[in-house]
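J.:
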Ligand SMILES: Nc1ncnc2c1ncn2[C@@H]1O[C@H](COP(=O)(O)OP(=O)(O)OP(=O)(O)O)[C@@H](O)[C@H]1O
Ligand SMILES: [Mg+2]
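Numbering (our numbering), first residue to last: 696 to 1107.
Take a look at the structure:
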């Protein structure tokens, strides 16, 4: 059985369902031991919504695989979510105490709760949201930063003295139908949902360095049918979201342009694809009388990258640039299976003019899942370890101050 010091996580992706079971390293606060994992191809997940029967079978397989390898039974898990229809919005709220005193965690919770209430009231009244985005549920209420007595901006006010406490909060909502379908699928394989987490927040837990979160960084998790992004600055989240395009679209373009089947296109992309702009006369044999020119293949991949990164992602992060140049020396960090496309780091470096690195989960030991595909699953487990520690009163989130662990209780 997965006991308190063990945490299980489930990343229900468009390409594969990944499960991990981890155990906190008693000697090191920032390290976790991976006890086991499972990975199976996804059957019918479509950009966040799960199409039940087939998917339940895949989830079951992935979980059983992880249970066998960890030699333990999974009863509850942290689950990732990446819907393309959602709201992410800033919210400013202030409290005033009767007298000057030291701020504590209760004050932090109070001001975040007020931000949540204020937004929830707006949400219930907004007929436009219902009409265009469907019924939305608040998933996270995070603190970008706090301002004490209108002048002192801090990452956490705990321990500071003052009277007024203002929070620049950041709220993430997800559609109720997507949440319901995830919860039902997971429950139907006999697993309780500990918490549902917006995936870029989970990925950040496993791949970002503290320095990057402080200096300003854009995190891109390039998956199969989605690319999730989040900008962090001074340990707070500035913007985040999901674009409905990923590695699948690169492959799909090749099938359309060259009239080849999907699995051939996928192999070509992974083996020969390179978008760094180097031209070559090499050819790829397809069958006895067909060859493809590598440079022509790469032109198709470059044009998808221009659309996904140069247009869609650029447009999404313009907001972050408007409120200050948040993507500082931390640059861009790419992860997820799609980040394996050769030449992508160079392409983004040219496109955005900032440092770029490809990242895999850090701070884990035990099993070899240190590849970009595992960023979300491992990040969910790391997030879970922190939530459990917090519940036991063993410390605060070092960054991304927010209200955690309570959403699911409220929702059910
Ligand atoms: N070497 C490679 N070159 C290019 N693309 C690759 C390579 N290896 C994997 N990919 C792509 O990575 C994608 C799968 O990544 P990942 O496992 O992160 O997706 P997922 O989490 O299941 O999907 P999503 O995040 O969209 O739900 C596929 O589209 C695959 O083609
Ligand atoms: Mg993914």
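In this text, a Cβ means the ideal position worked out from N, Cα and C, and glycines have one as well. Note that the structure is a prediction, hence the values are computed from the model and not measured.
Below 6 angstroms CB to CB, which residues in the same chain sit around residue 986 once its five sequence neighbours on both sides are set aside?
T.: Counting only Cβ-Cβ distances below 6 angstroms, and skipping sequence neighbours, we find 978, 980.
J.: So, are the CB atoms of residue 784 and residue 734 less than 9 angstroms apart?
T.: No, these two residues do not count as a Cβ contact at 9 angstroms.
J.: Taking C-alpha atoms, which residue in 775, 812, 729, 790 lies nearest to residue 802?
T.: Measuring from the Cα of residue 802, the nearest candidate turns out to be 790.
J.: Since residue 1039 is in the alpha helix (DSSP H), which residue starts that stretch and which ends it?
T.: First-last of the alpha helix (DSSP H) with residue 1039: 1039 to 1047.
J.: Can you tell me whether residue 993 is buried or exposed? The criterion is at least 16 other CB atoms within 10 Å of its CB, across all chains shown.
T.: Residue 993 comes out buried.
J.: What are the partner residues of residue 927, as DSSP defines its beta bridges?
T.: Beta-bridge pairing links residue 927 to 912, 932.
J.: For residue 843 and residue 815, which I take to be in contact (beta-carbon distance under 8 angstroms), what is that distance rounded to the nearest angstrom?
T.: Going by Cβ atoms, the distance from residue 843 to residue 815 rounds to 26 angstroms, so no, they are not a contact pair.
J.: Could you tell me which residues DSSP puts in a beta bridge with residue 786?
T.: Answer by DSSP bridge pairing, in chain order: 864.
J.: Output the boundary residues of the beta strand (DSSP E) element that contains residue 771.
T.: 771 to 776 is the span of the beta strand (DSSP E), which, as asked, contains residue 771.
J.: On the DSSP bridge assignment, give the partners of residue 944 in chain order.
T.: None; residue 944 has no bridge partner.
J.: I believe residue 780 touches residue 810 by the beta-carbon criterion, under 8 angstroms. Please report the beta-carbon distance rounded to the nearest angstrom.
T.: Actually they do not touch by this definition, with Cβ atoms about 22 angstroms apart.
J.: Is any heavy atom of ligand 2 found at a distance shorter than 8 angstroms from the C-beta of residue 767?
T.: No, ligand 2 has no heavy atom inside 8 angstroms of this Cβ.
J.: Go through the segment 804 to 881 residue by residue and report every complete run of the beta strand (DSSP E) that reaches 3 residues or more, in order.
T.: Within the segment 804 to 881, the complete beta strand (DSSP E) runs of at least 3 residues are 831 to 843, 847 to 849, 856 to 870.
J.: Heavy atom of ligand 1 less than 8 angstroms from the Cβ of residue 957, yes or no?
T.: No.
J.: Determine the direct distance from the alpha carbon of residue 857 to that of residue 1108, and round the result to whole angstroms.
T.: There is no way to answer for residue 1108, as the model of the chain reaches only from 696 to 1107.
J.: To which residues of the same chain is residue 929 closer than 7 angstroms at the C-beta, ignoring the five residues directly before and after it?
T.: 840, 850, 909, listed in sequence order.
J.: Output yes or no for whether 9 angstroms exceeds the beta carbon distance between residue 769 and residue 883.
T.: Not in contact: residue 769 and residue 883 (Cβ atoms no closer than 9 angstroms).
J.: If contact is defined by three or more beta carbon pairs under 8 angstroms, each pair taking one atom from either stretch, is the segment 934 to 943 in contact with the segment 1024 to 1033?
T.: Enough Cβ pairs lie closer than 8 angstroms, so yes.
J.: What separation, rounded to the nearest whole angstrom, lies between the Cα atoms of residue 776 and residue 703?
T.: Near 15 angstroms, if we compare the C-alpha coordinates of residue 703 and residue 776.
J.: Does at least one heavy atom of ligand 2 sit under 8 angstroms from the Cβ of residue 1034?
T.: It does not: the Cβ of residue 1034 is nowhere closer than 8 angstroms to a heavy atom of ligand 2.
J.: Specify, as a first and last residue, the run of the alpha helix (DSSP H) that residue 963 falls within.
T.: Looking at the DSSP string, the run of the alpha helix (DSSP H) that includes residue 963 is 957 to 967.
J.: Output needed for residue 1107: all residues of its chain with C-beta closer than 6 angstroms, excluding positions within five of it in sequence on either side, in chain order.
T.: Residue placement at residue 1107 is flagged as unreliable, the pLDDT there being 25, under the threshold of 50; a coordinate-derived value is accordingly withheld.
J.: Tell me the rounded alpha-carbon separation between residue 1092 and residue 765.
T.: Because the pLDDT at residue 1092 is just 43, under 50, the model does not fix this residue reliably, and the point stays unresolved.
J.: Taking 8 angstroms as the limit between beta carbons, can you name the residues of its chain near residue 705, skipping five residues before and five after?
T.: 712, 713, 714, 754, 757, 758, 772, 773, 774, 775, 881, 886, 1072, 1075.
J.: Can you grab the Cα-Cα spacing for the pair residue 913 / residue 1047, in whole Å?
T.: When rounded, the distance between both Cα atoms is 11 angstroms.
J.: In the DSSP assignment, what residue or residues form a beta bridge with residue 893?
T.: Per DSSP, 776.
J.: Using DSSP with H/G/I as helix, E/B as strand and the rest coil, what is residue 1024?
T.: Coil.
J.: Would you kindly work out how many angstroms separate the C-alpha atoms of residue 955 and residue 945, rounded to a whole number?
T.: Spanning the two alpha carbons is a distance of roughly 13 angstroms.
J.: What do you reckon, is the C-beta of residue 1040 under 8 angstroms from a heavy atom of ligand 1?
T.: Result no, Cβ not under 8 angstroms from ligand 1.
J.: Would residue 972 and residue 1037 be called neighbours here (beta carbons separated by less than 9 angstroms)?
T.: In this structure, residue 1037 does not lie closer than 9 angstroms to residue 972 by Cβ.
J.: Put residue 885 into one of helix, strand or coil per three-state DSSP.
T.: The answer is coil: DSSP assigns residue 885 none of H, G, I, E or B.
J.: Under three-state DSSP, which class holds residue 1064?
T.: Residue 1064: coil per DSSP, three-state reduction.
J.: Whose CA, out of 805, 947, 1001, lies closest to the CA of residue 1042?
T.: Here the closest residue by C-alpha is 1001.
J.: So is residue 830 buried or exposed if we call it buried at 16+ other beta carbons inside 10 Å?
T.: With fewer than 16 Cβ atoms within 10 Å of its Cβ, residue 830 is classed as exposed.
J.: In terms of residue numbering, what span does the beta strand (DSSP E) encompassing residue 714 cover?
T.: That run of the beta strand (DSSP E) goes 711 to 719.
J.: Can you give the Cα-Cα distance for residue 666 and residue 860, rounded to whole angstroms?
T.: Past the edges of the chain, shown from 696 to 1107, lies residue 666, and the structure says nothing about it.
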